[in-house]
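First to last, the sequence lines map onto chains A and B. Our numbering numbers the first residue of the first sequence as 1 and each following residue consecutively. Our numbering numbers the first residue of the second sequence as 1001 and each following residue consecutively. Everything below concerns the one structure shown next.
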Amino acid sequence: MDIPYTVEVRRDTGLTNGKIGIWLFLASEVMLFGALFASYILIRTGSPSWPRGDTMLNVPLATVNTIVLISSSVTMVMAWASLMRNRFETFRIYMGLTILCGLAFLVIKYFEYSAHFHEGALPSTNNFLAIYFTLTGLHGLHVLGGMAVNAYFWGPGAKLWKTNPTWFTNRVEHAGLFWHFVDLVWIFLFPTLYLL
Amino acid sequence: MSDHTAAPMAGDHAVDIDKHVRIYITVFVALMVLTIVTVTVSRFHLPVPIAVTIALIVATIKGSLVACYFMHLISEKKLIYAVLGLTGAFFLVLLAVPAITVHDGFWIH
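Written out as structure tokens, the structure reads:
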């Protein structure tokens, strides 16, 4: 039996089921990161002193990572736009660039983490580092998850384009919504952790 | 934009997508400029309340640009807005919890 409302929109919602599904998932993600942001506020306001992020963290590397992630959001939306224009090969290029940007982000993060560990700066060292590693670690896992989904649509999942291009385009749009959300979270994490 | 989710397109709709692509590029440039603004302002070492306010305003503008244009929220269906409205309300409650703890015991006395 076919999955209903993957291509045609439901009359009552005006949406495909996939679109509703991804937005409900993102709503749960907002609450997940929201809880951690609330924890950050609680820990910071309850602390007698709090270090400025730039005294403990590498701002230039994080700035590069911000630029990389924003760029990946653009390539992701361009990948979807390419499918809307029926240009599959262009989609492949933009999706490939998105995956590479995600990889670059994680590699830079690896160097950041390595430097911290080398200096003996661990999550157990203080509350600042504890919340820093928790938030950026969880965010990093989201980048990894997004990359896995994107890689699937770049590779084996792209077969669907030949049989049902509209469904494939919708799937890429939904993957894009997740990817943009990951970018959006970083947009708030960057100033909160590194600059304040 | 959600109107475009139904099918890949050609002809008039392709022109529509071209218009959106131009918007994506503009938003990209705006996000880059705002990132530079965020980093530059942090170098002034302003008092924490002012620094937090500026950083959050800039981050909110950047986040709104991503949500509105890359995530197409500027022209989404009502159900999505309803879901996000409810999420936003609960999110604010979550953020308010730490503020309530500042008044620990307030309701008891």
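We treat Cβ as the ideally placed atom computed from N, Cα and C, and that holds for glycine. In this text, all values refer to a predicted model and were calculated from it rather than measured experimentally.
Under the rule that 16 or more other beta-carbon atoms within 10 Å means buried, what is residue i, buried or exposed?
i: B:T1038; result: buried
i: B:Y1069; result: buried
i: B:A1099; result: exposed
i: A:K159; result: exposed
i: A:Y194; result: buried
i: A:A79; result: buried
i: B:Y1081; result: exposed
i: A:D12; result: exposed
i: B:V1066; result: buried
i: A:S82; result: buried
i: A:V68; result: buried
i: B:T1026; result: exposed
i: A:Y110; result: exposed
i: A:G102; result: buried
Mapping the DSSP letters down to three states, classify residue i as helix, strand or coil.
i: A:L83; result: helix
i: A:S47; result: coil
i: A:R52; result: coil
i: A:Y5; result: coil
i: B:R1022; result: helix
i: A:R171; result: helix
i: A:F133; result: helix
i: A:F181; result: helix
i: B:P1047; result: coil
i: B:D1016; result: helix
i: A:R10; result: coil
i: B:K1113; result: Not covered by the structure: residue 1113 of chain B. The range shown for chain B is 1001 to 1109.
i: A:T16; result: coil
i: A:L57; result: coil
i: B:M1071; result: coil
i: A:L103; result: helix
i: A:L42; result: helix
i: A:L36; result: helix
Leaving out five residues on either side along the sequence, give the residues of the same chain with a beta carbon under 7 Å from the beta carbon of residue i.
i: A:A197; result: Past the boundaries of the shown model lies residue 197 of chain A; chain A is included only from 1 to 196, so the question cannot be answered.
i: A:I43; result: N127 and I131
i: A:L32; result: none
i: B:T1005; result: Residue placement at B:T1005 is flagged as unreliable, the pLDDT there being 45, under the threshold of 50; the coordinate-derived value follows with that caveat. Excluding sequence neighbours, B:T1005 sits near nothing in its chain.
i: A:L122; result: L129
i: A:L15; result: V9
i: A:F88; result: W161
Going straight from the alpha carbon of residue i to that of residue j, what length do you get?
i: B:K1078; j: A:R92; result: 32 Å
i: A:F25; j: A:W179; result: 13 Å
i: B:T1101; j: A:I41; result: 11 Å
i: A:W186; j: A:T66; result: 7 Å
i: B:A1059; j: B:V1041; result: 12 Å
i: A:S72; j: A:L138; result: 19 Å
i: A:R10; j: A:A62; result: 42 Å
i: A:E112; j: B:L1092; result: 32 Å
i: A:R52; j: A:F188; result: 16 Å
i: A:L36; j: A:T163; result: 42 Å
i: A:V172; j: A:F190; result: 27 Å
i: A:L196; j: A:L57; result: 11 Å
i: B:T1087; j: A:M95; result: 30 Å
i: A:L144; j: A:T45; result: 31 Å
i: B:L1046; j: B:T1053; result: 11 Å
i: B:R1022; j: A:T136; result: 32 Å
i: A:V59; j: A:N170; result: 37 Å
i: A:W167; j: A:K19; result: 11 Å
i: B:L1095; j: A:A27; result: 15 Å
i: A:G21; j: A:P48; result: 43 Å
i: A:T134; j: A:S39; result: 11 Å
i: A:A108; j: A:A115; result: Going by the sequence as given, residue 108 of chain A is Ile instead of Ala. Computed Cα separation, rounded: 11 Å.
i: A:T192; j: A:L177; result: 23 Å
i: A:L106; j: A:G120; result: 21 Å
i: B:D1003; j: B:I1017; result: Residue confidence for B:D1003 is low, a pLDDT of 42 falling below 50, so the modelled location carries little weight; the figure read from the coordinates is stated next. Whole-angstrom Cα-Cα distance: 12 Å.
i: B:A1055; j: A:G146; result: 27 Å
Leaving out the 5 sequence neighbours to the left and right, which residues in its chain are closer than 6 Å to residue i when beta-carbon positions are compared?
i: B:K1019; result: none
i: A:T90; result: S82
Kindly list the residues whose CB is nearer than 8 Å to the CB of residue i, restricted to its own chain and excluding five residues on each side of it in sequence; keep chain order.
i: A:I3; result: N17
i: A:T98; result: S72, T75, M76, A79, N150 and W179
i: A:D197; result: Because chain A here runs from 1 to 196, residue 197 of chain A falls outside it and cannot be looked at.
Heavy atom of the ligand ATP less than 7 Å from the Cβ of residue i, yes or no?
i: A:T66; result: Although the ligand ATP was asked about, the structure shown includes no ligands whatsoever.
Check your understanding: Going along the chain, which unbroken runs of the alpha helix (DSSP H) with 4 or more residues stay wholly within the stretch 117 to 165 of chain A?
Key -> 127 to 154 and 160 to 163
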